[in-house]
Ligand code: SAH
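Residue numbers (the numbering used here): 3 to 353.
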């Protein structure tokens with residue numbers, strides 16, 4: 003285990019050879035603390051309509067190139083049923099931020115329906131941005147039990163640089179939301195982007211210490227990937243190569259595992275965007291959660307955020323089988339039909 007900023011920085015600044023030994027240590031401490039099980043969450047991206055205008059994000063409100071889509075209830079429930087029938091254990095509903103009554107009630111209804119169609123068996127994680135306390139509470143009471151809300155950067159100055167300067171994008175609101183989620187009883191997840199313009203290694207070390215200080219249960223972190231149709235694209239020359247971002251991403255995962263051994267750490271899609279085995283590499287450095295995108299199963303006619311894979315029954319099994327094998331080759335073992343809750347949550351709440 004490690005405790006100090008100096009130790010984190012040592013890992014973040016390590017040579018490839020030194021990094022290998024940290025990766026091993028991190029995987030070892032995971033195996034000894036929570037085991038080498040890797041838990042799946044089927045990711046359902048429900049809509050890319052967003053009221054926010056985050057300067058790094060491709061689905062920001064002002065991006066007129068963003069071809070908007072919203073899945074129907076049938077499509078969302080189909081995906082959830084798919085996850086259930088393929089033994090994924092859990093789903094994540096993620097989307098752009100909307101807070102109107104019609105929307106929050108619809109989510110509430112969908113949560114209940116997912117619970118019903120899986121006879122209570124499917125775990126439900128939400129990743130739907132900043133909401134009122136009462137909305138978080140209603141969704142929790144409807145059956146969602148985990149929530150992801152990244153702090154993006156725990157350095158308030160940097161947070162301000164990557165968000166519009168208005169009350170809709172306040173750092174304090176983000177902190178308050180995380181506090182509300184914990185208070186309500188969600189297993190609470192957060193995380194940051196790695197290698198943002200203007201971000202230093204010290205910022206990243208502070209991010210990890212911040213996540214520990216707020217007693218987080220789950221973390222998802224990934225490299226920042228520039229998007230042409232966003233304001234932050236202008237600063238792309240300030241950030242290192244994709245390969246360097248991947249390598250720092252893996253060092254962040256290892257450092258976090260050594261800092262907080264009993265939390266859930268996601269092997270994020272952004273790592274996979276750089277390297278086809280980026281997620282598996284994160285498993286080899288201490289991650290224990292994967293979120294395969296199950297959206298394409300029902301074909302989005304006018305919108306291809308991700309490649310459209312044929313998700314016939316056989317195809318799906320094949321995808322899972324391959325994932326099982328590649329994860330195994332990286333020291334993990336996919337556990338099907340499990341919620342894979344965060345051990346840390348139970349010690350934090352004395353449950
Ligand atoms: N609206 C929800 C969830 C969707 S965005 C929310 O705000 O929580 C999910 C995450 O994608 C964000 O938290 C951010 O960390 C990440 N993200 C957005 N744009 C990105 C980019 N250009 N590169 C890497 N990650 C990005």
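Don't be surprised by glycine CBs; every beta carbon is placed ideally from N, CA and C.
Could you tell me if the beta carbon of residue i falls within a distance shorter than 7 Å of some heavy atom in the ligand SAH?
{"i": "residue 101", "result": "no"}
{"i": "residue 154", "result": "yes"}
{"i": "residue 59", "result": "yes"}
{"i": "residue 96", "result": "yes"}
{"i": "residue 49", "result": "no"}
{"i": "residue 183", "result": "no"}
{"i": "residue 195", "result": "yes"}
{"i": "residue 272", "result": "yes"}
{"i": "residue 122", "result": "no"}
{"i": "residue 64", "result": "no"}
{"i": "residue 130", "result": "yes"}
{"i": "residue 229", "result": "yes"}
{"i": "residue 179", "result": "no"}
Please go through the same chain and pick out, in chain order, the residues whose beta-carbon is closer than 7 Å to the beta-carbon of residue i, but skip the five residues on each side of it.
{"i": "residue 161", "result": "154, 155, 173"}
{"i": "residue 227", "result": "272, 275"}
{"i": "residue 98", "result": "49, 50, 51, 52, 61"}
{"i": "residue 186", "result": "138, 139, 142"}
{"i": "residue 145", "result": "113, 114, 117, 126"}
Are residue i and residue j touching if we call contact CB-CB under 8 Å?
{"i": "residue 29", "j": "residue 288", "result": "yes"}
{"i": "residue 85", "j": "residue 44", "result": "yes"}
{"i": "residue 151", "j": "residue 112", "result": "no"}
{"i": "residue 177", "j": "residue 129", "result": "no"}
{"i": "residue 281", "j": "residue 269", "result": "yes"}
{"i": "residue 81", "j": "residue 336", "result": "no"}
{"i": "residue 189", "j": "residue 343", "result": "yes"}
{"i": "residue 14", "j": "residue 203", "result": "yes"}
{"i": "residue 79", "j": "residue 115", "result": "yes"}
Leaving out the 5 sequence neighbours to the left and right, which residues in its chain are closer than 6 Å to residue i when beta-carbon positions are compared?
{"i": "residue 90", "result": "42, 44"}
{"i": "residue 225", "result": "196, 197, 247, 251, 272"}
{"i": "residue 351", "result": "none"}
{"i": "residue 345", "result": "36, 264"}
Could you name the residues that DSSP lists as bridge partners for residue i?
{"i": "residue 118", "result": "Answer by DSSP bridge pairing: none, since residue 118 is not bridged."}
{"i": "residue 291", "result": "41, 268"}
{"i": "residue 97", "result": "49"}
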